[in-house]
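Asks: Chains as they are written, first to last, in my numbering: chain A, 81 to 411; chain B, 125 to 493. I am attaching a structure below and will ask some questions about it afterwards.
Here it is as structure tokens:
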């Protein structure tokens with residue numbers, strides 16, 4: 081009784097070299113056909129989509145191929161009176177897209193095209209009594225939003241406006257018996273949430289509160305025989321977990337607990353040789369989200385063709401150096 | 125695939141607050157997808173029952189970079205849900221192509237619900253259908269939570285979540301919603317039985333193991349020794365059924381952390397017994413943790429040197445044979461145990477000067493083999 085261990089099998093003909101030029105072409109062309117059905121369907125997250133595309137292009141040294149002026153104008157049109165920023169023009173503001181917008185403007189060193197003080201007010205206003213953060217005025221609570229809040233404020237140099245003790249207290253209350261973190265207290269440990277919580281604790285200088293050995297063990301247990309990483313026990317591997325898991329391990333100083341060679345070959349197998357881009361697992365359809373996290377994962381593994389990426393912010397290290405932001409990492 | 129052009133957005137926010145003379149009569153719009161007439165889809169703006177409404181043209185801002193292009197035709201696999209058409213004094217229309225834009229329109233929808241004093245039971249039916257269609261969308265679950273809160277009625281929730289879980293027993297959002305309902309409305313009864321059913325179906329369901337921990341933590345708790353013993357035995361029984369099951373081992377480790385693995389009566393014997401028939405890297409790893417606990421607590425029940433040797437032997441077995449993908453971790457554990465509990469190392473002798481190198485340091489990143 082009991083199902084087989086879930087994993088994929090990488091076919092021998094899967095890609096095994098890094099096809100950076102193809103990925104750059106894929107991203108550069110993405111969204112140029114604005115009437116594309118898939119593009120339209122994803123409008124509700126457009127700001128994050130732009131952040132994914134720009135970041136991966138910058139990591140590949142190809143940022144200049146993107147339309148900076150157009151994007152900056154777009155972002156300006158997305159800031160609302162309350163200070164929050166929406167995914168697209170005419171949509172409602174949300175913390176997720178506020179962070180993405182601030183990340184994009186940081187890449188472009190143009191943060192002052194928006195009203196920074198109002199962004200800060202918006203973020204501050206979303207903190208709840210118990211220290212948690214809502215995503216928007218409708219009140220969904222999730223540790224993802226704790227991360228979005230402090231990451232946004234850190235990029236703007238305004239971490240001091242929130243109640244830090246309570247914010248930290250809430251995130252720590254989401255730590256589980258296995259050392260991992262979920263979206264709310266009691267929620268199942270999940271690699272995406274763990275990335276947000278370790279990132280949060282890094283930004284707030286509280287990494288000593290993590291049980292690094294226990295969590296590191298849970299994270300390195302995500303690696304399957306194929307070399308790929310899953311997000312929680314008994315799930316299939318997905319290339320985006322090459323980011324969530326790997327970045328978390330880097331933050332807590334245990335990235336070497338992953339078999340790097342096997343992970344690299346899994347990530348490379350997720351490329352599409354014809355279209356460029358990365359899919360969640362070998363043979364599936366590509367998208368910008370998985371393309372960023374595949375490339376960022378390879379950067380964390382030390383690929384020299386890619387710029388170093390910061391594991392907390394998922395942005396090029398040189399951008400953070402320019403801003404003067406070096407969040408703590410454990411040794 | 126639909127061809128998409130920019131069309132005028134039929135969303136009109138025309139909430140007139142000048143008072144309603146008569147009781148709100150709400151005419152429900154057609155909830156079904158209308159078959160195309162003469163080979164074409166009928167836009168809402170062309171339907172005679174909407175004729176008295178003024179569509180508001182979409183304003184994408186002065187220099188739209190990303191123009192909002194709305195699908196002219198519904199994807200045939202999804203339904204277009206209808207609108208609320210209210211009295212003449214308060215006319216609001218909102219077309220929801222729910223497979224696309226729940227995230228976009230949730231704001232309008234909630235404002236409508238609040239302003240129109242709408243029948244929330246209808247809204248519950250609506251959100252039930254949407255969630256069944258998009259069970260992995262964050263916003264739809266949060267919307268359901270809001271409706272439950274407004275109605276203050278959780279009576280359908282556990283059944284509904286169970287239905288969703290019957291299609292995907294690990295749906296993360298479904299579990300969060302279930303936990304919220306149980307905690308908010310104190311609906312703990314029967315949950316342990318439900319978890320056991322799920323584990324019968326799939327003993328590797330990590331969400332169910334997490335839920336088990338959630339329920340017990342919020343009810344009788346693990347400090348009750350009868351409960352703890354029941355859980356230990358239950359978990360060992362599941363391990364016998366499927367030894368290579370990370371969740372069960374994590375659970376066992378988790379519930380015993382406070383008390384300590386090495387001091388739990390009979391545990392070492394029971395686990396060692398499993399080695400012949402139910403061996404797995406997890407069992408071996410568990411033994412390493414148990415031995416480490418014995419060393420850390422300097423337990424008198426264990427010979428310290430022998431325990432250390434056993435632990436190191438198992439680490440070597442894991443690194444070299446049983447769990448080679450994590451050899452760096454096992455080598456780290458080995459070194460830590462050696463450094464902390466090892467003796468007879470000449471470097472540690474007090475008569476020698478301390479070494480300049482960091483050979484006794486805790487783990488640093490070793491070079492790749």
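Where a beta carbon is used, it is the ideal one built from N, C-alpha and C, also for glycine. Just so you know, these numbers come straight off a predicted model, no measurement behind them.
With distances taken Cα to Cα, identify the nearest neighbour of residue 276/B among 248/B, 264/B, 287/B, 346/B.
Replies: The shortest C-alpha separation from residue 276/B is found at 248/B.
Asks: Can you name, in chain order, every residue of its own chain whose Cβ lies under 7 Å from the Cβ of residue 358/A, other than the five neighbours on each side?
Replies: Closer than 7 Å at the Cβ level, and outside the excluded window around residue 358/A, lie 319, 350, 351, 366, 370, 371, 374.
Asks: Does residue 222/B have its Cβ less than 7 Å from a Cβ in chain A?
Replies: Note that residue 222/B scores a pLDDT of 41, beneath 50, so its modelled location is shaky and nothing firm can be said.
Asks: Contact defined as beta carbons within less than 8 Å: I believe residue 243/A pairs with residue 211/A. What is the distance between those atoms, to the nearest angstrom?
Replies: Yes, residue 243/A and residue 211/A are in contact; Cβ-Cβ is about 6 Å, under 8 Å.
Asks: Counting only C-beta atoms, is residue 385/A closer than 7 Å to chain B at any point?
Replies: Cβ-Cβ to chain B under 7 Å: no for residue 385/A.
Asks: Under DSSP, the alpha helix (DSSP H) around residue 350/A begins and ends at which residues?
Replies: Run containing residue 350/A: none; DSSP gives neither H nor E here.
Asks: When the Cα atoms are used, what is the spatial distance from residue 393/A to residue 346/A?
Replies: Computed Cα separation, rounded: 24 Å.
Asks: For residue 362/B, which of helix, strand or coil comes out of DSSP?
Replies: DSSP places residue 362/B in helix when its eight states are reduced to three.
Asks: Check whether the stretch 297-306 of chain A and the stretch 333-345 of chain A are in contact - that is, three or more C-beta pairs closer than 8 Å.
Replies: Contact between the stretch 297-306 of chain A and the stretch 333-345 of chain A is present, because at least three Cβ pairs lie under 8 Å.
Asks: Am I right that residue 408/B and residue 446/B are in contact with their C-beta atoms under 8 Å? What's the rounded C-beta distance?
Replies: About 6 Å; that satisfies the 8 Å criterion.
Asks: Answer with buried or exposed for residue 362/A, where buried requires no fewer than 16 other C-beta atoms within 10 angstroms of its C-beta.
Replies: Under this definition residue 362/A is a buried residue.
Asks: Is residue 163/B buried or exposed, if buried means 16 or more other CB atoms sit within 10 Å of its CB?
Replies: In this prediction, residue 163/B has a pLDDT of 34, which is less than 50 and means its spatial position is unreliable; nothing more can be read from the coordinates.
Asks: Mapping the DSSP letters down to three states, classify residue 146/A as helix, strand or coil.
Replies: Coil at residue 146/A, not helix or strand.
Asks: What is the residue span of the alpha helix (DSSP H) that residue 250/A lies within?
Replies: Where residue 250/A is concerned, the enclosing alpha helix (DSSP H) stretches over 244-252.
Asks: Can you check which of these residues, 330/A, 213/A, 98/A, is closest to residue 282/A by C-alpha distance?
Replies: When only C-alpha atoms are compared, the closest one is 330/A.
Asks: Determine the chain B residues that contact residue 172/A at a beta-carbon separation under 7 Å, and present them in chain order.
Replies: By Cβ distance, chain B contributes 231.
Asks: Assuming residue 292/A is part of the alpha helix (DSSP H), what are its boundary residues?
Replies: Start and end: 292-300.
Asks: How should residue 397/B be labelled, buried or exposed, when 16 other C-beta atoms within 10 angstroms of its C-beta is the threshold for buried?
Replies: It counts as exposed.
Asks: Do you know how far the Cα of residue 105/A is from the Cα of residue 459/B?
Replies: Distance between the alpha carbons of residue 459/B and residue 105/A is about 47 Å.
Asks: Take residue 201/A and list the residues in its own chain whose beta-carbon comes closer than 7 Å to its own, dropping the five residues that flank it on each side.
Replies: Contacts found: 163.
Asks: What's the gap between the Cα of residue 313/A and the Cα of residue 280/A?
Replies: If you take the alpha carbons of residue 313/A and residue 280/A, they lie about 23 Å apart.
Asks: Report all residues from its chain with a CB closer than 8 Å to the CB of residue 403/B; omit the five preceding and five following residues, and keep chain order.
Replies: Taken in chain order, the residues that qualify are 367.
Asks: Whether or not the stretch 133-152 of chain A and the stretch 164-182 of chain A are in contact is what I'm after, with contact meaning three or more pairs of Cβ atoms, one per stretch, closer than 8 Å; do they touch?
Replies: With a cut-off of 8 Å, the stretch 133-152 of chain A and the stretch 164-182 of chain A do not count as touching, because too few Cβ pairs lie within range.
Asks: Where does residue 322/A sit, in a helix, a strand or coil, going by DSSP?
Replies: Reduced to three states, the DSSP call for residue 322/A is helix.
Asks: Indicate the three-state DSSP secondary structure (helix, strand or coil) for residue 214/A in the structure shown.
Replies: Residue 214/A: strand per DSSP, three-state reduction.
Asks: Got a sec: which bits of the stretch 286-302 of chain A sit with their beta carbon under 7 Å from any beta carbon on chain B, in order along the chain?
Replies: Under the 7 Å Cβ criterion, the stretch 286-302 of chain A contributes 297, 300, 301.
Asks: Output needed for residue 360/B: all residues of its chain with C-beta closer than 7 Å, excluding positions within five of it in sequence on either side, in chain order.
Replies: Cβ neighbours of residue 360/B beyond the five flanking positions: 394.
Asks: Counting pairs of beta carbons, one from the stretch 260-271 of chain B and one from the stretch 283-301 of chain B, are three or more of them closer than 8 Å?
Replies: Flag = yes, the stretch 260-271 of chain B and the stretch 283-301 of chain B touch.
Asks: Can you give the Cα-Cα distance for residue 258/A and residue 269/A, rounded to whole angstroms?
Replies: Looking at the two C-alpha atoms, the distance is approximately 8 Å.
Asks: Which residues of the stretch 328-344 of chain A have a Cβ closer than 7 Å to any Cβ of chain B? Give them in chain order.
Replies: Those residues of the stretch 328-344 of chain A that come within reach of chain B (Cβ to Cβ, closer than 7 Å) are 336, 337, 339, 340, 342.
Asks: Under a CB-based cut-off of 7 Å, is residue 161/B close to chain A?
Replies: Note that residue 161/B scores 38 on pLDDT, short of 50, meaning its location in the model is unreliable; the coordinates nonetheless yield the value given after this. Not one chain A Cβ lies under 7 Å of residue 161/B.
Asks: Counting only the same chain and skipping the five closest in sequence on each side, list residues whose C-beta sits under 6 Å from that of residue 179/A.
Replies: Cβ neighbours of residue 179/A beyond the five flanking positions: 228, 231, 232.
Asks: Go ahead and label residue 260/A buried or exposed: buried means 16 or more other beta carbons lie within 10 angstroms of its beta carbon, across all protein chains shown.
Replies: The residue is buried, with at least 16 neighbouring Cβ atoms inside 10 Å.
Asks: Apart from the five residues on each side of it in sequence, which residues of its chain come closer than 7 Å, Cβ to Cβ, to residue 271/B?
Replies: The answer, listed in chain order, is 244, 247, 248, 251.
Asks: Can you give the Cα-Cα distance for residue 326/A and residue 449/B, rounded to whole angstroms?
Replies: So the alpha carbons of these two residues sit roughly 15 Å apart.
Asks: Taking only the alpha-carbon atoms, compute the straight-line gap between residue 145/A and residue 159/A and give it to the nearest angstrom.
Replies: Approximately 25 Å between the Cα atoms of the pair.
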